[in-house]
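Colleague:
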Amino acid sequence: MSLPRPFRSVLYIPGSKDRAINKARSLPVDAIIFDLEDAVAIDEKANARETLTRELAEGGFGHRYRIVRINSLDTIWGKSDAEAVAKMDCDAVLLPKVESAAQLDALAAITGDLRIWAMMETPMGMLNAREIAEHPMLEGMVMGTNDLVKDLGARATPDRVAVMASLGLCVLAAKAYGVTVIDGVYNAFKDEEGLRAECTQGRDMGFDGKTLIHPAQIDTSNEVFGPSEEEVDLARRQIAAFEAAQREGQGVAVVDGRIVENLHVDTARRVLAQAEAINQIAAE
Ligand SMILES: CC(C)(COP(=O)(O)OP(=O)(O)OC[C@H]1O[C@@H](n2cnc3c(N)ncnc32)[C@H](O)[C@@H]1OP(=O)(O)O)[C@@H](O)C(=O)NCCC(=O)NCCSC(=O)C[C@H](O)C(=O)O
Ligand SMILES: [Mg+2]
1 MSLPRPFRSV
11 LYIPGSKDRA
21 INKARSLPVD
31 AIIFDLEDAV
41 AIDEKANARE
51 TLTRELAEGG
61 FGHRYRIVRI
71 NSLDTIWGKS
81 DAEAVAKMDC
91 DAVLLPKVES
101 AAQLDALAAI
111 TGDLRIWAMM
121 ETPMGMLNAR
131 EIAEHPMLEG
141 MVMGTNDLVK
151 DLGARATPDR
161 VAVMASLGLC
171 VLAAKAYGVT
181 VIDGVYNAFK
191 DEEGLRAECT
201 QGRDMGFDGK
211 TLIHPAQIDT
221 SNEVFGPSEE
231 EVDLARRQIA
241 AFEAAQREGQ
251 GVAVVDGRIV
261 ENLHVDTARR
271 VLAQAEAINQ
281 IAAE
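The numbers in the UniProt record's numbering rise by one with no breaks, and the one at position 274 of the sequence shown is 274.
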């Protein structure tokens with residue numbers, strides 16, 4: 001059985017910052033978004049494309065999944081970005097402000113069989129989340145909560161009430177079509193307590209991981225989105241108890257005063273597979 005790829009921590013790195021790109025080769029992140037869009041100043045766009053092409057060709061990113069975020073295809077940089085990414089040594093391309101499956105078709109016409117990720121960050125994107133998630137080339141969705149708050153004319157509050165419907169909608173669409181879904185960034189990168197609370201909220205909702213803007217955020221995100229020792233222990237005991245119950249002709253077991261049915265065993269097996277995948281990465 002192939003192990004699931006973890007996406008607990010997904011770090012944005014501006015494509016123009018070669019020092020930060022180099023640092024990422026040794027950071028404990030599951031994935032990197034090399035950015036050509038909002039983190040790169042207008043005058044730096046062409047340089048960033050060249051820097052990224054060179055750095056990715058140099059390699060050294062190990063297990064870290066390499067995603068390149070391009071500018072939208074309706075900007076003056078988008079088409080050149082997409083053509084450059086099609087030739088880069090990367091795993092996927094990320095399109096910002098996706099609002100329809102047709103936009104993904106237009107990208108795929110340039111990037112061929114490169115897997116596509118979609119930034120979900122506009123009201124129209126939310127309304128079309130289903131057709132976006134259903135696209136055959138789509139591998140993952142990334143929440144762009146900063147753009148979303150801006151377009152909604154909303155306020156960013158700690159409970160994220162303004163974007164809660166959108167977060168839930170994208171989790172639903174992603175899970176319905178079996179694609180990965182990553183939560184938005186936490187801007188106050190020196191506030192560990194606030195980050196932990198937001199990671200926990202995202203984890204509880206079903207997100208696979210969180211996008212990050214600074215290396216100081218990685219450990220918290222890995223911890224919250226990875227299975228804890230208690231969850232691994234419980235999963236093992238649930239599987240053992242369920243198998244013992246089955247041997248005795250029962251369809252239900254009881255662990256710690258709670259029933260365990262086959263659906264709980266599915267979850268338990270997923271927890272163990274995720275833990276094994278993370279252990280393999282740690283052993284690299
Ligand atoms: C936020 C920052 C501008 C802070 O940078 P800086 O002041 O340089 O931080 P530090 O001095 O604390 O940095 C310490 C070292 O860590 C390296 N570093 C910093 N950030 C990163 C990073 N993201 N990846 C890798 N390495 C990083 C520094 O180079 C220092 O290294 P060294 O000199 O060797 O000690 C900065 O963190 C930053 O630019 N972050 C990324 C911002 C970004 O990408 N923004 C765009 C994505 S967010 C977004 O657009 C979401 C979405 O679209 C939406 O709408 O919500
Ligand atoms: Mg954005």
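For glycine and all other residues, C-beta sits at the position ideal for the given N, C-alpha and C. None of the values given here were measured: they were computed from a predicted structure.
(1) Reducing DSSP to helix, strand and coil, say where residue 285 ends up.
(2) What distance in whole Å lies between the Cβ atoms of A174 and M141, which are believed to be in contact at a cut-off of 8 Å?
(3) Spatial neighbours of E192 within its chain, please: CB distance less than 7 Å, with the 5 preceding and 5 following residues excluded, ordered by chain position.
(4) Taking 7 Å as the cut-off, does the CB of N262 come closer than this to any heavy atom belonging to ligand 2?
(5) Drop a sphere of 10 angstroms on the beta-carbon of L107, count the other beta-carbons inside from all chains shown, and report buried for 16 or more, exposed for fewer.
(6) When DSSP labels each residue in this structure, what does A240 get in the three-state scheme?
(7) How would you write the range of the alpha helix (DSSP H) that S166 sits in, first residue to last?
(8) Between F207 and the rest of its own chain, which residues show a CB-CB distance below 7 Å, the 5 nearest in sequence each way excluded?
(9) Using the Cα positions of R247 and T200, report the straight-line distance between them to the nearest angstrom.
(10) Kindly indicate the opening and closing residues of the alpha helix (DSSP H) around A118.
(11) Using a Cβ-Cβ cut-off of 7 Å (strictly less than) and excluding sequence neighbours within five positions of S166, which residues of its own chain qualify?
(12) What do you reckon, are the CB atoms on S16 and E44 nearer than 8 Å?
(13) Decide if K210 is buried, meaning its Cβ has at least 16 other Cβ atoms within 10 Å, or exposed.
(14) Is the segment 111 to 126 in contact with the segment 86 to 93, if contact means three or more CB pairs nearer than 8 Å?
(15) Alpha carbons only, please: which of N279, A235, E37 and A275 is nearest the one belonging to G144?
(16) In the DSSP assignment, the beta strand (DSSP E) including A92 goes from what residue to what residue?
(17) Please list the terminal residues of the continuous beta strand (DSSP E) segment that includes Q9.
(18) Taking all protein chains shown into account, decide if S42 is buried (16 or more other Cβ within 10 angstroms of its Cβ) or exposed.
(19) Between R54, A277 and A92, which has its C-alpha nearest E139's C-alpha?
(20) How about V260 and A241: are their beta carbons less than 8 Å apart?
(21) Considering only heavy atoms of ligand 2, does any lie closer than 7 Å to the CB of M126?
(22) Within the segment 102 to 158, note down every full alpha helix (DSSP H) run reaching 4 residues or more, in order along the chain.
(23) Would L95 be called buried (16 or more neighbouring beta carbons within 10 Å of its own) or exposed?
(24) Is the segment 14 to 28 touching the segment 229 to 238, taking contact as three or more C-beta pairs under 8 Å?
(25) Identify, in the order they occur along the chain, each residue of the same chain with its Cβ nearer than 7 Å to the Cβ of N128, setting aside the five sequence neighbours on each side.
(26) Going by CA-CA distance only, name the one from L11, L152, F61 and D105 that's closest to T122.
(27) Checking 8 Å against the spacing of the C-beta atoms, do I13 and D35 come in under that value?
(28) Rounded to the nearest angstrom, what separates G194 and A245 at their Cα positions?
Modeller: Put simply:
(1) In the structure as shown, the chain starts at 1 and stops at 284, and residue 285 therefore has no counterpart that could be examined.
(2) Sequence index remark: in the sequence shown, residue 141 carries index 141 (1-based). Sequence index remark: in the sequence shown, residue 174 carries index 174 (1-based). Yes, M141 and A174 are in contact; Cβ-Cβ is about 5 Å, under 8 Å.
(3) The count along the sequence shown starts at 1 and reaches residue 192 at position 192. Answer for E192: T220, listed in chain order.
(4) Residue mapping note: residue 262 aligns to position 262 of the sequence shown, counting from 1. No, Cβ of N262 sits at least 7 Å from all heavy atoms of ligand 2.
(5) Looking up residue 107 in the sequence shown gives position 107. Result: buried.
(6) In the sequence shown, the residue the question calls residue 240 occupies position 240. In the structure shown, A240 adopts helical secondary structure according to DSSP, grouped into three states.
(7) On the sequence shown, residue 166 is found 166 positions in, with the first residue counted as 1. Residues M164 to Y177.
(8) The sequence position of residue 207 within the sequence shown is 207, counting from 1. So the list reads V171, V181, I182 and D183, once near-sequence residues are dropped.
(9) In the sequence shown, the residue the question calls residue 247 occupies position 247. In the sequence shown, the residue the question calls residue 200 occupies position 200. Cα-Cα distance, rounded: 37 Å.
(10) If you number the sequence shown from 1, residue 118 lands on position 118. Careful: A118 lies outside any alpha helix (DSSP H), inside the beta strand (DSSP E) at R115 to M120.
(11) For the purposes of this step, residue 166 is taken as residue 166 along the sequence shown, with counting starting at 1. Taken in chain order, the residues that qualify are M126 and L148.
(12) Position 16 of the sequence shown, counting from 1, holds the residue named residue 16. Position 44 of the sequence shown, counting from 1, holds the residue named residue 44. Contact: yes.
(13) Position 210 of the sequence shown holds residue 210. It counts as buried.
(14) Yes, they touch.
(15) Here residue 144 refers to the residue found at position 144 of the sequence shown. Considering only alpha carbons, the answer is E37.
(16) Start at 1 with the first residue of the sequence shown, and residue 92 comes out as number 92. Residues A92 to L95.
(17) Within the sequence shown, residue 9 is the residue found at index 9, counting from 1. Checking the displayed sequence, the identity of residue 9 turns out to be Ser instead of Gln. Taken as a continuous stretch (DSSP letters only), the beta strand (DSSP E) holding S9 covers S9 to P14.
(18) The sequence position of residue 42 within the sequence shown is 42, counting from 1. The residue asked about is misnamed: residue 42 is Ile in this sequence, not Ser. Its Cβ having fewer than 16 others within 10 Å, I42 is exposed.
(19) Here residue 139 refers to the residue found at position 139 when the sequence shown is read from its first residue. In this structure, A92 is the residue among R54, A277 and A92 with its C-alpha nearest to the C-alpha of E139.
(20) Position 260 of the sequence shown, counted from the first residue, corresponds to residue 260. Position 241 of the sequence shown, counted from the first residue, corresponds to residue 241. Going by C-beta atoms, V260 is nearer than 8 Å to A241.
(21) Mapped onto the sequence shown, residue 126 falls at position 126. False, no ligand heavy atom lies under 7 Å from that Cβ.
(22) 123 to 127, 129 to 133 and 145 to 152
(23) Here residue 95 corresponds to residue number 95 of the sequence shown, with the count starting at 1. It is buried - the Cβ of L95 has at least 16 other Cβ atoms within 10 Å.
(24) no
(25) Taking the first residue of the sequence shown as 1, we reach residue 128 at position 128. So the list reads E99 and S100, once near-sequence residues are dropped.
(26) As a working mapping, residue 122 is identified with position 122 in the sequence shown. Nearest C-alpha to T122: L152.
(27) Counted from its first residue, the sequence shown places residue 13 at position 13. Counted from its first residue, the sequence shown places residue 35 at position 35. Contact flag set, yes.
(28) Here residue 194 refers to the residue found at position 194 of the sequence shown. Here residue 245 refers to the residue found at position 245 of the sequence shown. Whole-angstrom Cα-Cα distance: 43 Å.
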